[in-house]
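Visitor:
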Amino acid sequence: MQRDPQSARGAVTFGLLAPALALMSIVVLCALFVLRMSFGERNAELTSWTLQNYRELLDPYFIRVIFNTLLYAAGSAFITVVVAFPVALFLARTSSDFTRRSVLVCIMLPMLISLLVQSFGWMAILGPDGLVNRMLGAILGIERPLQLLFNGTGVMLGLIQTALPLAVLPMVSSLGQVSPQLEEAAGVLGASRWRVYAEIIVPLAWPGIAAGTMLVFGFNAGAFVVPLLLGGLKVTTVALAISDQMGTLLNWPLGSALSVVLIVIATTMQLAYRSLGRSRSSLS
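For the sequence shown, my numbering puts the final residue at 629, and the numbers step up evenly by one.
(1) What do you get for Trp394, buried or exposed, if any count of 16 or more other CB atoms within 10 angstroms of its CB means buried?
(2) Can you give me the C-alpha to C-alpha distance between Trp539 and Ile546, rounded to a whole angstrom?
(3) May I ask you to report which of helix, strand or coil DSSP gives Ala536?
(4) Taking contact to mean at least 3 C-beta pairs separated by less than 8 Å, is the stretch 515–531 in contact with the stretch 428–439?
(5) Thinking just about the alpha-carbon of each residue, which of Gly557, Tyr542, Pro431, Gly499 is nearest to the one in Ala512?
(6) Please identify the residue among Ser447, Val533, Ser464, Trp551 whose C-alpha is closest to the C-alpha of Ala568.
(7) Where do the ends of the alpha helix (DSSP H) carrying Glu390 lie?
(8) Tell me which residues share the same chain as Thr425 and place their Cβ nearer than 7 Å to its Cβ, disregarding the 5 neighbours each side in the sequence.
(9) I need the boundaries of the alpha helix (DSSP H) containing Glu401, first residue and last residue.
(10) Identify which residue in Leu599, Leu457, Gly535, Leu549 has its Cα closest to the Cα of Asn388.
(11) Residues in the same chain with beta-carbon distance under 6 Å from Leu603, minus the five sequence neighbours each way, listed in chain order, please.
(12) I'd like the span of the alpha helix (DSSP H) that includes Asn478, first residue to last.
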């Protein structure tokens, strides 16, 4: 009996996708388990139903924690994209393969180093006796060191540096599809360099810019190591609050409710990105 080629291809496709589907199924089951615990009571997570955990999130402390998380995630995403855009444009425009590979290796190198090691490196750089304060003291004669560690400044710098590759790579892909001839034609017609960027390069590279922004926002919204080490006890994000509730206080339902909030934030960002992409596609 001859086997249908289409069914054979379908079986091969399913076999190739099976590991990814299994992993996604585990992730979905874990998310559903966390969602169920968020409606339970302490020490009776799976046998009770209550909305008390979500009511507790209306406390000013948790509202401030959620606001701080959104602020750091959005602020770091914006700054990271601004910093990454010139790097991505250079990678897309340079004609030297050696230069492109060298810069790309430098960009990707932090992805191979543990966030713990990178955070300790920032602590050595930003500390009272660190590299930055020593340089400022030698150049400007500042005797009292600047407080760059265990505050929002240190957390923001750490988030930007660790998420930079996530912004560069999508923008390189989009900018690589923008023909340099469009820039040359606009320049011949009298457009200034800034106008070329604003009206040609940025709109055409917008899919990569938006994707990089979404990736950095989602990555930094759930960041744990960087806020923990560089923020000390003065910066609290949702991830740190989840760790406190589930680890130190053993309040799994409240920690699960915070986890649901974090999932909602990430999902809302993705939906906004997709709706924005559809609206721009319809306009074009």
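Cβ coordinates follow ideal geometry from the N, Cα and C atoms, glycine included.
Keep in mind that this is a model prediction, so the values were computed, not measured.
Guide: In short, the structure shows the following:
(1) Within the sequence shown, residue 394 is the residue found at index 49, counting from 1. With fewer than 16 Cβ atoms within 10 Å of its Cβ, Trp394 is classed as exposed.
(2) As a first step, residue 539 must be located in the sequence shown, where it is residue number 194. As a first step, residue 546 must be located in the sequence shown, where it is residue number 201. Each residue's Cα considered, the two are about 10 Å apart.
(3) On the sequence shown, residue 536 is found 191 positions in, with the first residue counted as 1. In this structure, Ala536 counts as coil in the three-state DSSP scheme.
(4) yes
(5) Against the sequence shown, residue 512 aligns to sequence position 167. It is Gly557.
(6) One-based indexing of the sequence shown puts residue 568 at position 223. Out of Ser447, Val533, Ser464, Trp551, Ser464 has the C-alpha closest to the C-alpha of Ala568.
(7) As a position in the sequence shown, residue 390 is number 45, starting the count at 1. Membership of Glu390 in any alpha helix (DSSP H) is not indicated, and neither H nor E is assigned to it by DSSP.
(8) Numbered from its first residue, the sequence shown carries residue 425 at position 80. Excluding sequence neighbours, Thr425 sits near Ile505, Ala508, Leu509, Ala512, Val561.
(9) Residue 401 sits at position 56 when you count from the first residue of the sequence shown. Glu401 -> alpha helix (DSSP H) spans 397–401.
(10) For the purposes of this step, residue 388 is identified with residue 43 of the sequence shown, where counting begins at 1. For Asn388, the closest of Leu599, Leu457, Gly535, Leu549 by C-alpha to C-alpha distance is Leu599.
(11) Reading the sequence shown from its first residue, position 258 is the one you call residue 603. Closer than 6 Å at Cβ, skipping near neighbours: Val583, Ala586, Ile587.
(12) Position 133 of the sequence shown, counting from 1, holds the residue named residue 478. Per DSSP, Asn478 belongs to the alpha helix (DSSP H) from 476–485.
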